[in-house]
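Letter by letter, the sequence shown follows residues 895 to 1059 in this note's numbering.
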Amino acid sequence: MSLNLHRAKWSEADVRATDWMARNGVLLLRLSLGVVFLWFGALKLFPGLSPAQDLAGRTIEQLSFGLVTPAVALPVLAVWECLIGLGLITGWFMRATLLLLWMQMVGTVTPVFLFPGEVFTRVPIAPTLEGQYIIKNVVLISAGIVLGATVRGGRLVAEPTARGA
């Protein structure tokens, strides 16, 4: 097989793969993000199963100046996250779902400022397990931004025009 024929076959396979990713990537991102939120939210419905529940409860208590106790906050947070998950999985009410997601993400970042000693073993370079749990939310926020770009019909394009490249 000549080098040019090999390159042509590789290029053809690359185009097919890129096209598939452009057609299916946003849907898969929405579904997988929905599963994460539904799963993590459901864990919070059962005391002791979520590794983040204690920190989440204390964070909400602190943010509400003690008005909302962890006993009240955790079930509300659990349902909130489950609603985000269901909204993402079904694709229903996407604007409201993404608003809930971004509001929840603001809450998940606040322990970095409220409880840095619990989030880092060495501030700000060595996160604890809870800190890693929070830092991974950067990916969830980014996924929410990508999904938000599609709410009004935006989509990924496998072969952008020269102007859009």
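All C-beta atoms, glycine included, are put in the ideal place defined by N, C-alpha and C.
Just so you know, these numbers come straight off a predicted model, no measurement behind them.
Taking the Cα of Gln947 as reference, the smallest distance to any Cα among Leu925, Arg924, Ser926 and Leu971 is reached at Leu971. Nearest Cα to Val1051 within the set Lys938, Ser905 and Ala911: Ala911. Ala1037 and Leu927 do touch by the CB rule: their CB atoms are close to 5 Å apart, below 8 Å. Segment contact: the stretch 953-962 against the stretch 908-923, fewer than three CB-CB distances shorter than 8 Å; contact not assigned. Thr984: member of the alpha helix (DSSP H) spanning Pro964 to Thr984, first to last residue.
Taking C-beta atoms under 8 Å as the contact rule, Val920 and Arg1049 qualify, at a distance of about 7 Å. Per DSSP, the unbroken alpha helix (DSSP H) holding Arg924 starts and ends at Leu897 to Lys938. Assigned with DSSP and collapsed to three states, Pro1005 falls in helix. Here Thr1015 carries a strand assignment [DSSP, helix/strand/coil].
DSSP places Thr953 in the uninterrupted alpha helix (DSSP H) bounded by Gln947 to Leu957. The C-alpha of His900 is placed about 47 Å away from the C-alpha of Pro1021.
Inter-residue distance for Val966 and Leu939 is about 11 Å (C-alpha atoms, whole angstroms). With contacts defined as CB atoms closer than 9 Å, Leu937 and Leu943 qualify as a contacting pair. When the Cα atoms are used, Glu1012 and Glu1053 turn out to be separated by approximately 46 Å. Per DSSP, the beta bridge partners of Ala1020 are Arg1016.
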